[in-house]
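Asker: Numbering (UniProt numbering), first residue to last: 1 to 211. Backbone N, C-alpha and C fix where the C-beta goes; we use that ideal spot for every residue, glycine too.
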Amino acid sequence: MVLAVIVVAFLVYSLPPYLTGGTRVPSTFGLHYPLLVAHVLLACVAMVCAVGQIWPGLRRRHPTMHRRTGRVYVATAIPAAVCAMVIGAATPFGPILAVSNVALAALWLWFTVDGYSAARRRRFGRHRRQMLRSATLALSIITNRIWTPVLYLALESLRDSIFGGNEERYLWLVAGLGAWLGWTLPLLLLERSLRRQPRPITDRSAPLSRL
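Right, dumping it as structure tokens:
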């Protein structure tokens, strides 16, 4: 599965600095680094579980494993989102990124909690849609890492024309735009796909083994 390969490659490349103290993200308050590491570790588990959750073969052939993986996803995504809201609001990379971080984390938390609640109420249609949204946001960090360097190069002329050569303010713009594009575009594409799919007569009509 291509998505699984991409996620594993991303984690292998991105995770080690946080485990060895080599991250270049400066701390902005006392608990910043512990919360950052907690967020990263929890989010890594959530990303792996998200791949399993949206893999059709797991849902069809192993519904019990799908449910167990889903519980692990929820148990890691919720605290990861809470940590993300705290450290995201205190980011040292400017207000554009801060607002994006908080909005992303809040939506991730809502989609996860509401999706889990829908499954408990046996509203499996809503459960599926909300968890797809949640998984999309969990994996959006990958596209964020793509947008940021692209924007840094594409908008380089603005560094002098608008920011007067101020590298820090230019980085704030690039990081903020990259963050917004990283999660809003995948979410919009998902919404478009969901709207094109036929809706079941009732949420309860979809058996869990098909989710």
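P207: buried (16+ other C-beta within 10 angstroms of its C-beta) or exposed?
Answerer: Here the model assigns P207 a pLDDT of 41, short of 50, so the residue's position is not dependable, and the following value carries that caveat. The residue in question, P207, is exposed, as its Cβ has fewer than 16 Cβ neighbours within 10 Å.
Asker: How far does the alpha helix (DSSP H) with S161 in it extend, from its first residue to its last?
Answerer: Run containing S161: 158-161, per the alpha helix (DSSP H) assignment.
Asker: With a cut-off of 8 Å on the beta carbons, I'd call G178 and G94 a contact; round off their distance for me.
Answerer: Not a contact, Cβ separation roughly 12 Å.
Asker: CB A105 to CB G88, shorter than 8 Å?
Answerer: Their beta carbons are under 8 Å apart, which means A105 touches G88 by this criterion.
Asker: Going straight from the alpha carbon of I78 to that of D114, what length do you get?
Answerer: Going from the Cα of I78 to the Cα of D114 covers about 11 Å.
Asker: Mark V8 as exposed unless 16 or more other C-beta atoms lie within 10 angstroms of its C-beta, in which case mark it buried.
Answerer: V8 comes out exposed.
Asker: When burial is assigned at 16 or more other CB atoms within 10 Å of the CB, is I141 buried or exposed?
Answerer: Counting Cβ neighbours within 10 Å, I141 comes out buried, since at least 16 surround it.
Asker: Can you name the start and end residues of the alpha helix (DSSP H) that V102 belongs to?
Answerer: It spans 95-120 - the alpha helix (DSSP H) in which V102 sits, taken as one unbroken run.
Asker: Less than 6 Å between C-beta atoms, sequence neighbours within five positions excluded: which residues of the same chain meet that for T28?
Answerer: The answer, listed in chain order, is A90, P92.
Asker: Are L58 and R133 closer than 8 Å when you measure CB to CB?
Answerer: For L58 and R133, no; Cβs fall outside 8 Å.
Asker: With F10 as the anchor, note down where its alpha helix (DSSP H) starts and where it stops.
Answerer: Per DSSP, F10 belongs to the alpha helix (DSSP H) from 2-14.
Asker: Taking Cβ positions, are T69 and C44 nearer each other than 8 Å?
Answerer: No, Cβ-Cβ distance for T69 and C44 is not below 8 Å.
Asker: Determine the contact status of H127 and A118, defining contact as a CB-CB distance below 8 Å.
Answerer: Yes, Cβ-Cβ distance for H127 and A118 is below 8 Å.
Asker: Around the Cβ of V5, are there at least 16 other Cβ atoms within 10 angstroms (buried) or fewer (exposed)?
Answerer: Looking at its Cβ environment, which holds fewer than 16 other Cβ atoms inside 10 Å, V5 is exposed.
Asker: Whole-angstrom Cβ separation of R129 and L194, contact assumed at under 8 Å?
Answerer: Confirmed, about 6 Å.
Asker: Just tell me which of R121, Y170, M85 has its CA closest to the CA of L160.
Answerer: Sequence check: residue 160 is Asp here, not Leu. Checking every option, the nearest Cα to that of D160 belongs to Y170.
Asker: Here's a check: name, in chain order, each residue in its chain whose Cβ is nearer than 8 Å to the Cβ of A103, leaving out the five neighbours to either side.
Answerer: Contacts found: none.
Asker: Quick one: measure Cβ to Cβ for T76 and L31, integer angstroms, because I've assumed they're closer than 8 Å.
Answerer: T76 to L31, Cβ: 19 Å. No contact.
Asker: Grouping DSSP H, G and I as helix and E and B as strand, with all else coil, what is T91?
Answerer: DSSP places T91 in coil when its eight states are reduced to three.
Asker: If you check the beta carbons only, do L3 and V82 fall under 8 Å apart?
Answerer: Result no, Cβ atoms of L3 and V82 do not sit closer than 8 Å.
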